[in-house]
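**Q** Questions regarding the structure given below will be posed in turn.
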Amino acid sequence: MSLRRGAMVAREAWSAAFSQPVASTVTVLMIVGMVLTVMLSTGRTVGAERRVLDSIDSAGTRTIQVRADTGAGLTADVLDRIDRIEGIEWAAAFSSAIDVTNTAIPDGTRVPMRFAYGDRFDRLHIPADPPIVGLSAYASPRALAQLGLHEVAGSITTDQGLTYAVSGQLSTPAFLRSFEPVVFVPQTDDRPDAAVSNLIVIAARPHQVSPVADAVLSVLAVEDPSKVTMQTSESLAELRVLVQAQLQGFSRGLVLLTLAISGVLVAVILYGLVMMRRRDFGRRRALGASRNLIVTLLLVQTALLAVTGTALGLVASVVALAAGKDPLPGWDFVAALSVLTVATALASALVPAVVASRREPVRELRVA
Amino acid sequence: MTGLTASDLSFSYGGTPILQGWSAEFPAGSTTAMTGRSGHGKSTALYLLGLMLQPAAGEVILDGVPVSGLPDAAKARLRAHHYGFVFQDAALDPTRTVIDNVRETALYRGLHRKAVTTRAHELLDRFDVVVPPHRRPGQISGGQAQRVALCRALLSEPPILLADEPTGNLDAASSRVVMDALRDHAATGATVVVVTHSLEVADACDRRLAL
């Protein structure tokens, strides 16, 4: 069908939908009901599921932490070897803590400072190019408060008298909260032999925690393995995969059940509407409409009504969910639901459309 | 010959034979009245000629070409491009406006409605349908509805025009308007076949065929 002919058919279908307000309204309301049912049941479940998974994720499900005691021989160049392992989202190494105080308050609170090794500190809101390479410190709000630095300006000094410029405030992600209060001094990668005491690796996916942990362990190259311990949230990762699988399975089943029931209802209503329009289809066929055109007209008309009903249903359900302070499902769920709803409506309309196209025009014209 | 030919047509409704071995010729440029008592198959014959019913035997021949055995899509194309129909009760779409009813067949012929709007208005003027064109069939008289149906049938200037009791619900004046229009159309070289019980209508036609 050419674009021009397609536009003519769409216009005719739109006009037909408008000229049959009762039938069109019933169809749109059915679609709205279908979308509302799915959004307020499965959509709400999916929203809750995301909250649960986000909550598990925020606990550091994918974190692998390696602690190396003094003398273990873990050095910063371990990051070069880790770079070659697949399935890693982020990695960094940190030195042992060194106590520092605000240079302006030598007797002030001591706060632990660590040298940080790695090249992706943007995740902590640390710029890639510090103003003074190797001597710029970044502190968390809690560390700044303890140091008495109410504005992000000033310097800190170690017990040995080394001074570092406080150049910014960093954001502490969940997997580094154990370091709080945090002060990091990012280092360049020209010190591969610098000793580090903590190695943090984030696996890209929860199910990759175990193999990534094994791989990291194999590239540590430490002098004394007995002084190295590794902590993973492997069991939490397994729990996350299990929860996700169960929730998704439940959601998928509920969506399919709802769409199947609603689809049958839409099919019954459309079949009834087609029966009410027997004379209309008979006249069209008598005047030269082909069977294909009748089917196309009905499907396009249904698609237009389904799109309208889906849009109205989505708006109504989002308002209802927001009013009840319930979690909203993501855009991917909404997009998938929209496509499935229109597809269900079209599938439901197919049989009535074919039935309509197959009836004898003369017999239908004689229907009073 | 040019025009329409029924060749040895047979048709039954639910086992009851309506037509058996019926043959007739409907030359181009003529009006033919099919008359006869109710139930003798006049309308059935018309719908067979109009490719809306499939004969059990025999053939409908259009301009020398057998057409009743063509696939459904081809017959639908012929109905859209070569035929015009006027049904007994007008058979207008009650949900659409008068002007949309006149323009209805444009879609089936692959034409944009706007392309035939001028012609539709000309026909409505010619047949004196003086109602706002956006009025619906339920808001006009039976005579006006039948003239709207005639406008719809004539929109494409079809070579074949079939009319089933086109004046059945009309007064004498409206009947004359319709018959004049059918004769005028035949004068352009079209084949016009009218099923009627009316002697006046039959007399107004060039030929009469009893069934």
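Top line first, the protein sequences correspond to chains A and B.
With the first sequence counted from 1, adding 1030 to any position gets you this note's numbering.
With the second sequence counted from 1, adding 370 to any position gets you this note's numbering.
Ideal Cβ positions, reconstructed from N, Cα and C, are used throughout, including at glycine.
Note that the structure is predicted; figures quoted are calculated from it, not measured.
Just the chain B side, please: which residues come within less than 7 Å of valine 1392 of chain A by C-beta, in chain order?
**A** Chain B residues near valine 1392 of chain A: Tyr417, Met422, Leu423.
**Q** If contacts are defined as beta-carbon pairs under 8 Å, then serine 1185 of chain A and threonine 1218 of chain A qualify, I think. What distance do you get, rounded to the angstrom?
**A** The Cβ separation is near 20 Å, so there is no contact.
**Q** Please specify which runs of the alpha helix (DSSP H), each continuous and at least 4 residues long, are wholly inside the segment 1315-1382 of chain A, giving them in chain order.
**A** 1321-1353
**Q** Can you tell me whether asparagine 471 of chain B is buried or exposed, with buried defined as 16 or more other CB within 10 angstroms of its CB?
**A** buried
**Q** Out of A/Leu1329, A/Thr1374, A/Val1215, which one is the CA nearest neighbour of leucine 1001 of chain A?
**A** There is simply no residue 1001 of chain A to check, as chain A begins at 1031 and stops at 1398 in what is shown.
**Q** Find out if the Cβ-Cβ distance for the pair arginine 479 of chain B, alanine 450 of chain B is shorter than 8 Å.
**A** yes
**Q** Taking only the alpha-carbon atoms, compute the straight-line gap between proline 1051 of chain A and alanine 476 of chain B and give it to the nearest angstrom.
**A** 24 Å
**Q** Which class does phenylalanine 1209 of chain A belong to by DSSP, given the choice of helix, strand or coil?
**A** The three-state secondary structure of phenylalanine 1209 of chain A, taken from DSSP, is helix.
**Q** Take every Cβ of the segment 377-395 of chain B, pair it with every Cβ of the segment 414-422 of chain B, and state whether three or more of those distances are shorter than 8 Å.
**A** yes
**Q** Taking 8 Å as the threshold (C-beta atoms), are proline 1255 of chain A and alanine 1025 of chain A in contact?
**A** Lying outside 1031 to 1398, the shown extent of chain A, residue 1025 of chain A is not represented and no answer is given.
**Q** Helix or strand or just coil, what does DSSP make of threonine 1288 of chain A?
**A** helix
**Q** Going along chain B in order, which residues have a C-beta closer than 9 Å to the C-beta of serine 1292 of chain A?
**A** Per Cβ cutoff of 9 Å: no residues; serine 1292 of chain A is ~27 Å from chain B at best.
**Q** Among A/Val1330, A/Pro1359, A/Val1372, A/Val1385, which has the Cα closest to the Cα of alanine 1037 of chain A?
**A** A/Val1330
**Q** 8 Å is my cut-off, CB to CB: does glycine 1318 of chain A come that close to chain B?
**A** yes
**Q** What residues in the segment 1332-1345 of chain A have a beta carbon less than 7 Å from any beta carbon of chain B?
**A** Cβ contacts with chain B: none found.
**Q** From alanine 1089 of chain A to proline 1359 of chain A, what does the alpha carbon distance come to, in whole angstroms?
**A** Note that alanine 1089 of chain A scores a pLDDT of 49, beneath 50, so its modelled location is shaky; the value from the coordinates is reported in the next line. The straight-line gap from Cα to Cα measures roughly 22 Å.
**Q** Cα-Cα, which of B/Val468, B/Ile431, B/Leu493, B/Ala446 is closest to glutamate 527 of chain B?
**A** B/Leu493
**Q** Answer with yes or no whether the minimum CB distance from valine 1385 of chain A to chain B is below 8 Å.
**A** no
**Q** Which residue from B/Gly406, B/His452, B/Lys412, B/Phe381 puts its Cα closest to that of glycine 559 of chain B?
**A** Minimum Cα distance to glycine 559 of chain B is reached at B/His452.
**Q** What's the C-alpha gap between alanine 1169 of chain A and arginine 1235 of chain A?
**A** For alanine 1169 of chain A and arginine 1235 of chain A, the distance between alpha carbons rounds to 29 Å.
**Q** For histidine 482 of chain B, return the contacting residues in chain A, with the cut-off set at a CB-CB distance below 8 Å.
**A** Arg1034, Met1038
**Q** Go through its chain and collect everything with a Cβ distance to leucine 1109 of chain A's Cβ below 7 Å, but skip five positions before and after it.
**A** Excluding sequence neighbours, leucine 1109 of chain A sits near Ala1121, Ala1123, Tyr1147, Gly1148.
**Q** Would you say the beta carbon of arginine 1144 of chain A is closer than 7 Å to some non-hydrogen atom of the ligand ZN?
**A** Absence of the ligand ZN from the depicted structure is noted, as is the absence of any ligand whatsoever, leaving it without description.
**Q** What is the C-beta distance between alanine 1173 of chain A and valine 1213 of chain A, in whole angstroms, given that I count them as a contact (C-beta under 8 Å)?
**A** Right, their Cβ atoms sit about 5 Å apart.
**Q** Taking the CB atoms as reference points, tell me whether isoleucine 388 of chain B and glycine 411 of chain B lie closer together than 8 Å.
**A** yes
**Q** Suppose only complete runs of 3+ residues qualify. What are the beta strand (DSSP E) ranges in the segment 1093-1181 of chain A, listed by chain order?
**A** 1093-1098, 1118-1124, 1128-1132, 1141-1147, 1166-1169
**Q** Pairing CB atoms from the segment 373-383 of chain B with CB atoms from the segment 547-555 of chain B, are three or more of them under 8 Å?
**A** no
**Q** Just the C-alpha distance for histidine 504 of chain B and arginine 466 of chain B, rounded to the nearest angstrom, thanks.
**A** 8 Å
**Q** List the residues that DSSP assigns as beta-bridge partners of glutamine 1261 of chain A.
**A** A/Gln1095
**Q** Looking only at DSSP bridge pairs, what is glycine 454 of chain B linked to?
**A** B/Leu531
**Q** What distance in whole Å lies between the Cβ atoms of histidine 1155 of chain A and serine 1201 of chain A, which are believed to be in contact at a cut-off of 8 Å?
**A** 5 Å
**Q** Can you give me the C-alpha to C-alpha distance between arginine 489 of chain B and valine 500 of chain B, rounded to a whole angstrom?
**A** Approximately 16 Å between the Cα atoms of the pair.
**Q** Alpha carbon to alpha carbon, what distance is there between serine 1197 of chain A and isoleucine 1135 of chain A?
**A** 18 Å
**Q** Following the continuous beta strand (DSSP E) through proline 1241 of chain A, name the residue where it begins and the one where it ends.
**A** Counting along the chain, no beta strand (DSSP E) covers proline 1241 of chain A; the unbroken alpha helix (DSSP H) around it starts and ends at 1239-1248.
**Q** Indicate whether at least one CB of chain B lies closer than 8 Å to the CB of leucine 1269 of chain A.
**A** no
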